[in-house]
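Numbering (the numbering used here), first residue to last: 32 to 120.
Every residue, glycine too, gets a C-beta built ideally from N, C-alpha and C.
Source: prediction; values computed, not measured.
All remarks here apply to the structure that follows.
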Ligand SMILES: [Zn+2]
């Protein structure tokens, strides 16, 4: 089980900026899309104020404000990569 990570957390671990992580993730998403055994899972950002989930959002960057209540308190998007159909040894 892979723990979903935010770009900020990943940036801290790897030692690059959050912006650089987002650039890399975009490449990773494209690569994963070509590989049928891998699945990129994006947990949508949510508004902390009203609970609105940004489900149709394909980017991993955080939206600046909630379209429903206009709160700027939005959770960070988190993502993980899952291998599906892999044979266990
Ligand atoms: Zn809201």
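- Just measuring C-alpha positions, the residue of 93, 72 and 53 sitting nearest residue 79 is 93.
- Inter-residue distance for residue 95 and residue 115 is about 33 Å (C-alpha atoms, whole angstroms).
- For the pair residue 75 and residue 84, the Cα-to-Cα distance works out to about 6 Å.
- Applying a distance threshold of 6 Å between residue Cβ atoms and the heavy atoms of ligand 1 selects 78, 80, 81, 83, 97, 99, 100 and 102, given in chain order.
- Here the stretch 93-112 does not lie against the stretch 42-50, with fewer than 3 beta-carbon pairs under 8 Å apart.
- Within 10 angstroms of the beta-carbon of residue 68 lie fewer than 16 other beta-carbons, which makes it exposed.
- As the crow flies, the alpha-carbon of residue 64 is around 14 Å from that of residue 110.
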